[in-house]
Amino acid sequence: MTTRTETVKHTRDSADARPMWQVVLVRPEVMTFALLVGAFIIASNLSPFFSDAQFILESSTYYVEYSIIALVLTLVIISGEIDLSPAAMMALSACVFAALYQAGLPIGLAMIASLATGVLMGLFNGILVVVFKLPSIIVTIGTLTLYRGLAQVLAGDRSIGKFPQWFNGIDYRLILDVPVPVIVFVIISIVLAAILGTTVVGRQIYQVGTSEIASIHAGIRVRRIKLGLFVAMGVASSIGGLLTASRLASVRYDMATGGELQMVLMVMLGGTYIFGGRGSILGTFLASWLLVIIATGMTVANIAITAQLIVMGALLIISIIATNAIYARTQR
Amino acid sequence: MADAPLIAARGISKQFAGVEVLSDVDLDLVAGEIHALLGENGAGKSTFAKILAGVHRPTRGTLALNGQPVEVNNPIVAQRLGITLIHQEPISFPDMSVAENLVLGRSDNALLGRVPWAEMEQGAKDLMTQLGVRIDVTKPMRGLSIADQQMVEIARALASDSRLIIMDEPTAPLTPKEVDTLFKIARRLRDEGRTIVFISHRLEEVQALCDRATIFRDGALVDTVEVADVTDEDIIKLMIGRPLRELIHKTGSEIGEVALEVSGLTQPGTFKNISFSVRKGEIVGLAGLVGAGRTDVARAIFGVAPAQSGTISVNGAQVSIAEPSDAIDLGLAFVPEDRAVAGIFKTLSVEHNITATVPGKIAPRGFISRSIEKALTAESVKQLRIRLASVRQPIGELSGGNQQKAILARWLHTDPQILILDEPTRGIDIGVKAEFYDMIGKLAADGRAILLISSELPELLALCDRILVMAEGELTADLVRADATQETIMHAAVPKTGNHAQENAA
Numbered sequence: 001m002t003t004r005t006e007t008v009k010h011t012r013d014s015a016d017a018r019p020m021w022q023v024v025l026v027r028p029e030v031m032t033f034a035l036l037v038g039a040f041i042i043a044s045n046l047s048p049f050f051s052d053a054q055f056i057l058e059s060s061t062y063y064v065e066y067s068i069i070a071l072v073l074t075l076v077i078i079s080g081e082i083d084l085s086p087a088a089m090m091a092l093s094a095c096v097f098a099a100l101y102q103a104g105l106p107i108g109l110a111m112i113a114s115l116a117t118g119v120l121m122g123l124f125n126g127i128l129v130v131v132f133k134l135p136s137i138i139v140t141i142g143t144l145t146l147y148r149g150l151a152q153v154l155a156g157d158r159s160i161g162k163f164p165q166w167f168n169g170i171d172y173r174l175i176l177d178v179p180v181p182v183i184v185f186v187i188i189s190i191v192l193a194a195i196l197g198t199t200v201v202g203r204q205i206y207q208v209g210t211s212e213i214a215s216i217h218a219g220i221r222v223r224r225i226k227l228g229l230f231v232a233m234g235v236a237s238s239i240g241g242l243l244t245a246s247r248l249a250s251v252r253y254d255m256a257t258g259g260e261l262q263m264v265l266m267v268m269l270g271g272t273y274i275f276g277g278r279g280s281i282l283g284t285f286l287a288s289w290l291l292v293i294i295a296t297g298m299t300v301a302n303i304a305i306t307a308q309l310i311v312m313g314a315l316l317i318i319s320i321i322a323t324n325a326i327y328a329r330t331q332r
Numbered sequence: 001m002a003d004a005p006l007i008a009a010r011g012i013s014k015q016f017a018g019v020e021v022l023s024d025v026d027l028d029l030v031a032g033e034i035h036a037l038l039g040e041n042g043a044g045k046s047t048f049a050k051i052l053a054g055v056h057r058p059t060r061g062t063l064a065l066n067g068q069p070v071e072v073n074n075p076i077v078a079q080r081l082g083i084t085l086i087h088q089e090p091i092s093f094p095d096m097s098v099a100e101n102l103v104l105g106r107s108d109n110a111l112l113g114r115v116p117w118a119e120m121e122q123g124a125k126d127l128m129t130q131l132g133v134r135i136d137v138t139k140p141m142r143g144l145s146i147a148d149q150q151m152v153e154i155a156r157a158l159a160s161d162s163r164l165i166i167m168d169e170p171t172a173p174l175t176p177k178e179v180d181t182l183f184k185i186a187r188r189l190r191d192e193g194r195t196i197v198f199i200s201h202r203l204e205e206v207q208a209l210c211d212r213a214t215i216f217r218d219g220a221l222v223d224t225v226e227v228a229d230v231t232d233e234d235i236i237k238l239m240i241g242r243p244l245r246e247l248i249h250k251t252g253s254e255i256g257e258v259a260l261e262v263s264g265l266t267q268p269g270t271f272k273n274i275s276f277s278v279r280k281g282e283i284v285g286l287a288g289l290v291g292a293g294r295t296d297v298a299r300a301i302f303g304v305a306p307a308q309s310g311t312i313s314v315n316g317a318q319v320s321i322a323e324p325s326d327a328i329d330l331g332l333a334f335v336p337e338d339r340a341v342a343g344i345f346k347t348l349s350v351e352h353n354i355t356a357t358v359p360g361k362i363a364p365r366g367f368i369s370r371s372i373e374k375a376l377t378a379e380s381v382k383q384l385r386i387r388l389a390s391v392r393q394p395i396g397e398l399s400g401g402n403q404q405k406a407i408l409a410r411w412l413h414t415d416p417q418i419l420i421l422d423e424p425t426r427g428i429d430i431g432v433k434a435e436f437y438d439m440i441g442k443l444a445a446d447g448r449a450i451l452l453i454s455s456e457l458p459e460l461l462a463l464c465d466r467i468l469v470m471a472e473g474e475l476t477a478d479l480v481r482a483d484a485t486q487e488t489i490m491h492a493a494v495p496k497t498g499n500h501a502q503e504n505a506a
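This is the structure we're talking about:
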């Protein structure tokens, strides 16, 4: 009898707690992981190369620059904003680097200048969003055009190269058989996952994305957090730009054109909620590998590049539907 | 006149989410009268008006129009039956012309039919002449004053030959001169045999304009009176006449130094020259009608929307509060009125909600300590008796009262010296309310200063040492408990026509 009255009381004061297996299993990252496993199985049947870890690691170096930026973009989207300018920021910061190096600046200083350019571009995005209270989607569509245009003015139509030998080909540099850019990606994943999961700032990113108004009322410095995230996007884009410059051994203004959509695709495939407040670094990490396997797998299977776009687009839509459904279920 | 009234409402009841906001209202509206609906905020008058206009459907009860039973299922049906609701801030299409706005919602044209521009314009002009107002019907709505926009709405009601025109607080945004024009037109419409339902907080206006008045209280109809036969005092008594709830008065706590003092706080258009102080151990109430500016003052003090001028002092020292974190550092806490939007993080766990204000406590070395967080949450759950299934469930799954306890718990962890509570017991069951009263009393007894904003007069009378009253953005009374009664508070809270905050602020 006692148990019964207690149950009745619970339903009045609060919904019952969800069972543990649901909390653990019904989450978008699980979907990403299942897709990853599925893609891997299909790809291994298409080509024996896929059983070879080395092949996958090598293939991943074409995407890992985007993946690194997508990790930071995950935080931005969880906070309820979006940044569509990172590919353009990659191009402009890389062009600044190349132009300064060509003008005779020591390469180290040119790299620092490139990172500083990243900070400034991120700051500009952030100020427009935070101080002028403009929607980030419009702001960054604007600045993506602006930054790309500046890159073109700076670099013209030619490609700038002739970097010192040690700078080029970072994707062929291995540590413990793993290409350096992949190591950078893994380290940044771990650091950002730790920040998001165990620090106050991480907690507040979720809170800001869940309800900006409630965050303000709870004394959370919303503007500072958002500004910081946009600056972090600039820095990550600059790092991505330098890695790309090293891999290609040259820089052009049209570097990474369209890359912002790949990054958004990774974040969405990883189960981050487009309206903010939910998502994880683990999801984006898994989705990055998923994309590598799908894209490489289709190339190996001789699927035309046009058909590849169809698959990518369909994946994006499916992932958004699945993420929404899962969150609607757990939200009640 | 001896035959059926224009509208006969019988047993009208309405529930929202299981809460009865209107119960068994019987009311006749006769042709050719101006009928006032009066009552405190939440008394049910607006809900009743919206049922007449088809915005809400009654849970029970019937409506008859000229003796014929009707079902007013939606605003379009209402319009067809000749019932129009005029909103306080008219809803229109600002970029379309006045004439176009006038014919909106009329469905007598074929979907792809030719728009009869010339006839439309002539018809609109005729209506304006009929109303005796000069509005250029070819101009877009955007440039019109709110008064003129209301006129367009009234003209729209005439265009569809409405027999019942409901005006929901039409005079609140108007200047006295505009109010005069509105009254003249209302009287003319009445003399033409139309019926006008007039909702207002301003008793003077009711006396000046209305023939009969119906008073609502707590969702029930209290009485319908001939306005000529009653005084303002009678009406106020009817509005608040409920017996004082059986609440335990708090045991008087030691009242100490001034903890919070605001002086000359002004935000043009919202509130002006607000000065008061709250002492340690004191509970100061802030009463007033919705829209009087109480919440805006609270938000200004806490730094959510700082005031343009005026000073705030905490413990005798003048401070500057630019954002809420400044206020928190000074020992202030603010439980906002709109819990769902400004209070809770709906999809986050109860735990994360409770510890949101104390990042330094849960992460002493930068990293969040699960054990500290657990302990803090457990302490709150026990202390405030928060009833939940798990501290890790989303706070949105809790009942309103338990959500509110969690929000209060969030602030108690900051150990605030000054608490601003904005409608802390709104939408909370009576049993949990009593718990809150108890807690508020204890917080004051511990030497904390409390500013309690509430629309429930019995609540304020039971808890407060002093009660401030605001009307139209100004402080109109500062009553010690001995002098405060529902009547004195309501007198100070009811706006006086012709004394607009807006025009003074301009």
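For the record, the sequence lines run as chains A and B.
Just so we're aligned, residue 1 is where the first sequence starts under the UniProt record's numbering, counting upward by one.
Just so we're aligned, residue 1 is where the second sequence starts under the UniProt record's numbering, counting upward by one.
Yeah, the Cβ is synthetic: ideal placement off N, Cα and C, and Gly gets one too.
All values derive from a computational prediction rather than experimental measurement.
TODO: Name the one or two DSSP bridge partners that R60/B has.
DONE: In the second sequence, counting from the first residue as 1, residue 60/B sits at position 60. Bridge partners of R60/B: S13/B.
Task: Buried/exposed call for Y259/A, threshold 16 Cβ in 10 Å - done: Position 259 of the first sequence, counting from 1, holds the residue named residue 259/A. According to the sequence as given, residue 259/A is Gly; it is not Tyr. Flag for G259/A reads buried.
Task: 6 Å Cβ shell around I141/A - same chain, five flanking residues per side excluded - done: Here residue 141/A is taken as the residue at index 141 of the first sequence, counted from 1. Cβ neighbours of I141/A beyond the five flanking positions: L84.
- [ ] Check whether the Cβ of R410/B lies closer than 9 Å to any Cβ atom in chain C.
- [x] This model lacks chain C altogether; the protein chains it does include are A and B.
- [ ] Kindly say whether residue 335/A, judged by its beta-carbon, lies nearer than 9 Å to any beta-carbon of chain B.
- [x] The first residue shown for chain A is 1 and the last is 332, placing residue 335/A beyond what the model contains.
Task: Collapsed DSSP secondary structure at L244/B in the structure displayed - done: As a position in the second sequence, residue 244/B is number 244, starting the count at 1. Interpretation of L244/B is limited by its pLDDT of 41, a score under 50 that renders its predicted location unreliable; the figure taken from the coordinates is listed afterwards. DSSP places L244/B in coil when its eight states are reduced to three.
TODO: Express the C-alpha separation of I82/A and Y327/A in angstroms, rounding to a whole number.
DONE: Counted from its first residue, the first sequence places residue 327/A at position 327. Counted from its first residue, the first sequence places residue 82/A at position 82. When rounded, the distance between both Cα atoms is 19 Å.
Task: Near-chain A residues of the segment 332–359 of chain B (beta-carbon distance less than 8 Å), N- to C-terminal order - done: F334, P336, V341, A342, G343, I344, F345, K346, T347, L348, H352, A356, T357, P359
Task: Collapsed DSSP secondary structure at G285/B in the structure displayed - done: On the second sequence, residue 285/B is found 285 positions in, with the first residue counted as 1. Strand at G285/B.
Task: CA-to-CA distance, F275/A to R392/B, given in whole angstroms - done: Position 392 of the second sequence, counted from the first residue, corresponds to residue 392/B. Position 275 of the first sequence, counted from the first residue, corresponds to residue 275/A. Going by the C-alpha atoms only, they are around 22 Å apart.
Task: Reduced DSSP secondary structure (H/G/I, E/B, other) of P458/B - done: The sequence position of residue 458/B within the second sequence is 458, counting from 1. Helix at P458/B.
TODO: Please go through the same chain and pick out, in chain order, the residues whose beta-carbon is closer than 6 Å to the beta-carbon of G281/B, but skip the five residues on each side of it.
DONE: Residue 281/B sits at position 281 when you count from the first residue of the second sequence. Same-chain partners within the cutoff: S253, E254, I255, G256, A444, G447.
Task: Neighbourhood of E487/B by C-beta, 7 Å cutoff - its chain only, sequence neighbours within 5 removed - done: For the purposes of this step, residue 487/B is taken as the residue at position 487 of the second sequence. Answer for E487/B: I236, listed in chain order.
TODO: Helix, strand or coil for V26/A, going by three-state DSSP, please let me know.
DONE: Locating residue 26/A in the first sequence gives position 26, where the first residue counts as 1. The answer is coil: DSSP assigns V26/A none of H, G, I, E or B.
- [ ] Starting from S349/B, follow its DSSP beta bridges and name the residues at the other end.
- [x] Residue 349/B sits at position 349 when you count from the first residue of the second sequence. DSSP lists P394/B as partners of S349/B.
Task: Cβ-based burial, I321/A [other Cβ within 10 Å; buried from 16] - done: Reading the first sequence from its first residue, position 321 is the one you call residue 321/A. By the 10 Å Cβ count, I321/A comes out exposed.
Open item on the list: Taking the straight line between their C-alpha atoms, what separation do you get for S145/B and V152/B?
Closed with: Counting from 1 along the second sequence, the entry for residue 145/B is found at position 145. Counting from 1 along the second sequence, the entry for residue 152/B is found at position 152. Cα-Cα distance, rounded: 11 Å.
Task: Touch test, the segment 89–102 of chain A against the segment 239–253 of chain A, Cβ-Cβ under 8 Å, three pairs minimum - done: yes
- [ ] Indicate whether at least one CB of chain A lies closer than 9 Å to the CB of Q502/B.
- [x] On the second sequence, residue 502/B is found 502 positions in, with the first residue counted as 1. Per-residue confidence for Q502/B stands at a pLDDT of 40, beneath the threshold of 50, marking its modelled position as unreliable; the derived number appears in the next sentence. It does not; no Cβ of chain A falls within 9 Å.
Task: Backbone CA spacing between G277/A and S136/A [nearest angstrom] - done: For the purposes of this step, residue 277/A is taken as the residue at position 277 of the first sequence. For the purposes of this step, residue 136/A is taken as the residue at position 136 of the first sequence. For G277/A and S136/A, the distance between alpha carbons rounds to 16 Å.
Open item on the list: Distance cutoff 9 Å, beta carbons only. Does F302/B sit that close to anything in chain A?
Closed with: Walking along the second sequence from the start, residue 302/B turns up at place 302. Chain A contact via Cβ: present.
- [ ] Look at the alpha carbon of A249/A and the alpha carbon of G270/A, and state the distance between them as a whole number of angstroms.
- [x] As a working note, residue 249/A is residue 249 in the first sequence. As a working note, residue 270/A is residue 270 in the first sequence. If I take the Cα positions, the gap works out to 31 Å.
TODO: Compute the distance between the beta-carbons of Q130/B and A147/B, then report whether it is under 9 Å.
DONE: Numbered from 1 along the second sequence, position 130 holds the residue referred to as residue 130/B. Numbered from 1 along the second sequence, position 147 holds the residue referred to as residue 147/B. No, they are not a contact pair.
Task: Span of the alpha helix (DSSP H), counted from its first residue to its last, around M266/A - done: Residue numbering aside, residue 266/A sits at position 266 when the first sequence is read from its first letter. Unbroken alpha helix (DSSP H) run through M266/A: 259–269.
Open item on the list: Taking 8 Å as the cut-off, is the beta-carbon of R27/A closer than that to any non-hydrogen atom of the ligand COA?
Closed with: Ligands are entirely absent from the displayed structure, and the ligand COA is therefore not among its contents.
- [ ] Indicate the three-state DSSP secondary structure (helix, strand or coil) for V319/B in the structure shown.
- [x] As a first step, residue 319/B must be located in the second sequence, where it is residue number 319. Three-state DSSP puts V319/B in a strand.
- [ ] Note down the Cα distance separating R279/B from L419/B, rounded to an integer number of angstroms.
- [x] The sequence position of residue 279/B within the second sequence is 279, counting from 1. The sequence position of residue 419/B within the second sequence is 419, counting from 1. So the two alpha carbons sit approximately 11 Å from each other.
Open item on the list: Just to confirm before moving on: does the CB-CB distance between L468/B and A307/B stay below 9 Å?
Closed with: Translated into positions along the second sequence, residue 468/B becomes position 468. Translated into positions along the second sequence, residue 307/B becomes position 307. No. Outside cutoff.
Open item on the list: I'd like the list of long-range same chain contacts for L52/B, defined as Cβ closer than 8 Å, with 5 residues on each side in sequence excluded.
Closed with: Start at 1 with the first residue of the second sequence, and residue 52/B comes out as number 52. Excluding residues within five positions, the ones whose Cβ falls inside 8 Å are I7, A9, L63, V72, A78, I83, L85, L164, I166, V197.
Open item on the list: Please give the ranges of any alpha helix (DSSP H) in the segment 349–373 of chain B, keeping only runs that are unbroken, at least 4 residues long and fully inside the region.
Closed with: 350–354, 359–362
Open item on the list: Using a Cβ distance threshold of 8 Å, determine whether the segment 183–197 of chain B contacts the segment 475–486 of chain B, with at least three qualifying pairs required.
Closed with: no
TODO: Using 10 angstroms around the beta-carbon of A492/B, count the other beta-carbons present and answer buried if the total reaches 16, otherwise exposed.
DONE: Reading the second sequence from its first residue, position 492 is the one you call residue 492/B. A492/B should be labelled buried.
TODO: Give the residues of chain A in contact with I368/B, contact being defined as C-beta atoms less than 9 Å apart.
DONE: Taking the second sequence and counting its residues from 1, the one referred to as residue 368/B is at position 368. Chain A residues near I368/B: G197, T198, T199, V200, G202, R203.
- [ ] Give a yes or no on contact between the segment 99–111 of chain A and the segment 213–223 of chain A, applying the rule of three or more CB pairs nearer than 8 Å.
- [x] no
Task: Contact the segment 219–233 of chain A vs the segment 284–299 of chain A: 3+ CB pairs below 8 Å - done: no
Open item on the list: Along the chain, where does the alpha helix (DSSP H) containing M120/B start, and where does it finish?
Closed with: In the second sequence, counting from the first residue as 1, residue 120/B sits at position 120. Per DSSP, M120/B belongs to the alpha helix (DSSP H) from 117–131.
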